[in-house]
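Asker: So the sequence shown is numbered by this note's numbering: it starts at 82 and just counts up by one.
Where is the CB? At the ideal position from N, CA and C, for every residue including glycine.
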Amino acid sequence: MGEIDGGEVLVRGLRAEGVEVLFAIADVSYTPVVRSAAAAGMRIVGGRHESANVHMADGWARVTGGVAVAMAGMGPGVANLVPGVITAWIEGVPVVVVATQRTHRAHLAIRRGRFQYTPQIEVFRPVTKFAGQVPNARRIPEYVREAFRCALTGRPGPVYLEIADEILRQRVAEEAVGTPLPERYRTPPAAPDPDAVARAADLLGKARRTLILAGQGVQRAGASAELAALAERAGALVTGTPAARGVVAEDHAQAVNLNFPGGAQAMRTADVVLAVGTQIGEMPLRGPIIASGARFRAGDGCYRTPLAGTPG
82 MGEIDGGEVL VRGLRAEGVE VLFAIADVSY TPVVRSAAAA GMRIVGGRHE SANVHMADGW
142 ARVTGGVAVA MAGMGPGVAN LVPGVITAWI EGVPVVVVAT QRTHRAHLAI RRGRFQYTPQ
202 IEVFRPVTKF AGQVPNARRI PEYVREAFRC ALTGRPGPVY LEIADEILRQ RVAEEAVGTP
262 LPERYRTPPA APDPDAVARA ADLLGKARRT LILAGQGVQR AGASAELAAL AERAGALVTG
322 TPAARGVVAE DHAQAVNLNF PGGAQAMRTA DVVLAVGTQI GEMPLRGPII ASGARFRAGD
382 GCYRTPLAGT PG
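(1) Ordered along the chain, which non-local residues of its own chain (more than five positions away) have a Cβ less than 6 Å from that of Ile106?
(2) What residue does the alpha helix (DSSP H) around Thr291 start on, and which one ends it?
(3) Run the CB neighbour count on Tyr384, radius 10 Å, all protein chains shown included, and call it buried at 16 or more, exposed below.
(4) Please report the distance separating the alpha-carbon of Pro239 from that of Thr209.
(5) Would you mind working out which of Leu249, Val353 and Arg280 sits nearest Ala312, comparing C-alpha positions?
(6) Mark Gly83 as exposed unless 16 or more other C-beta atoms lie within 10 angstroms of its C-beta, in which case mark it buried.
(7) Determine contact between the stretch 87-98 and the stretch 111-121, defined as no fewer than three beta-carbon pairs at a distance below 8 Å.
(8) In whole angstroms, what separates the C-alpha of Ala351 from that of Ala345?
(9) Excluding the 5 residues flanking Glu131 on each side, which residues of the same chain have their C-beta closer than 6 Å to its C-beta?
(10) Look up Ile85 in the DSSP assignment and say whether it is helix, strand or coil.
(11) Among Val179, Thr260, Ala295 and Ala218, whose alpha-carbon lies nearest the alpha-carbon of Gln251?
(12) Can you list the alpha helix (DSSP H) stretches of 4 or more residues lying completely in the stretch 145-169, in chain order?
(13) Between the stretch 312-330 and the stretch 286-293, do three or more beta carbon pairs fall short of 8 Å?
(14) Does DSSP put Arg129 in a helix, a strand or coil?
(15) Check Thr320 in the structure and name its three-state DSSP category.
(16) If we ignore side chains and look at the alpha-carbon of each, how far apart do Ala257 and Tyr111 end up?
(17) Return yes when the Cβ of Val299 is within less than 8 Å of the Cβ of Leu292, no when it is not.
(18) Taking just the CA atoms, how far does Ala272 sit from Gly358?
(19) Can you tell which of Pro237, Thr320 and Ala334 has its C-alpha closest to the C-alpha of Gly146?
(20) If distances are taken between C-alpha atoms only, which option among Ile202, His333 and Gly88 comes closest to Met155?
(21) Determine which residues share a DSSP beta bridge with Val357 and list them.
(22) Under 8 Å by Cβ, that's how I've got Leu249 and Pro113 pegged, so tell me the actual separation to the nearest angstrom.
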């Protein structure tokens with residue numbers, strides 16, 4: 082075997098994770114990545130602004146149920162990623178952001194006025210599940226694996242991976258950078274506590290006016306059909322959070338919309354509210370609209386198994 086550069090190592094790692102699309106504006110700092118991605122048959126989708134690329138990656142991840150990747154060049158390009166990353170952080174969307182950085186020499190320089198250099202990673206630490214700086218090309222696969230593992234473990238969310246432009250051009254022996262299959266290092270999907278599911282099922286069986294509040298966790302689990310079946314069997318009204326619009330068909334006989342009087346009335350009069358796949362944010366529950374005697378059951382969307390615990 083021969084040698085490959087860091088850009089090729091990165092692309093191989095992304096391909097091993099099933100990535101087929103890279104949302105990025107071509108930048109000289111990551112030319113090796115663009116070249117290798119194109120040679121590997123990956124689609125490169127570029128918006129007119131780096132923030133737009135992250136938002137497109139966010140939408141791609143929501144629709145496909147997978148992880149999306151956005152990339153930007155050091156300095157202002159990376160700064161433009163922030164709005165999209167914050168959105169993915171708040172919404173719990175698994176987006177892997179890859180950013181370039183100045184060389185190690187620039188990082189250590191004493192002089193001021195370093196071109197397009199800033200401690201970028203510190204901006205992203207508070208709004209990502211993982212933020213890492215790759216030290217050399219041989220360790221790119223390790224960092225890619227950790228980024229994807231963190232993005233998908235527990236509640237999904239964005240991660241930040243920073244690679245200096247010199248590392249993307251660094252050449253390494255091909256046999257030194259293996260890419261094991263993701264199932265060898267992924268955390269197994271979590272499952273809900275069976276006792277909690279049984280208690281929720283018992284509560285639903287005794288309820289007279291049940292409302293199910295469903296969030297993006299249901300969409301990411303691909304469990305919309307199970308959600309509708311649960312509502313039908315429990316005789317419950319069902320609605321989605323604002324971010325999960327479409328989680329149940331809006332023309333379903335038992336669907337309601339919290340933004341309209343009927344939905345608000347359903348929330349006020351429910352004796353049991355079952356919240357699934359949602360952190361129960363501000364918007365769905367604005368104001369004192371839940372009946373004071375209502376019982377509440379919630380799951381925050383960390384579970385990847387289909388909805389379970391239908392009454393009976």
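Answerer: In brief:
(1) Gly127
(2) Here Thr291 belongs to no alpha helix (DSSP H); instead the beta strand (DSSP E) covers Thr291 to Ala295.
(3) Only weak support exists for where Tyr384 lies, its pLDDT of 44 falling under 50; the coordinates are left without a value.
(4) 5 Å
(5) Val353
(6) exposed
(7) yes
(8) 10 Å
(9) Ala153, Gly158, Asn161 and Leu162
(10) strand
(11) Ala218
(12) 157-160
(13) yes
(14) coil
(15) strand
(16) 22 Å
(17) no
(18) 13 Å
(19) Pro237
(20) Ile202
(21) Ala295
(22) 5 Å
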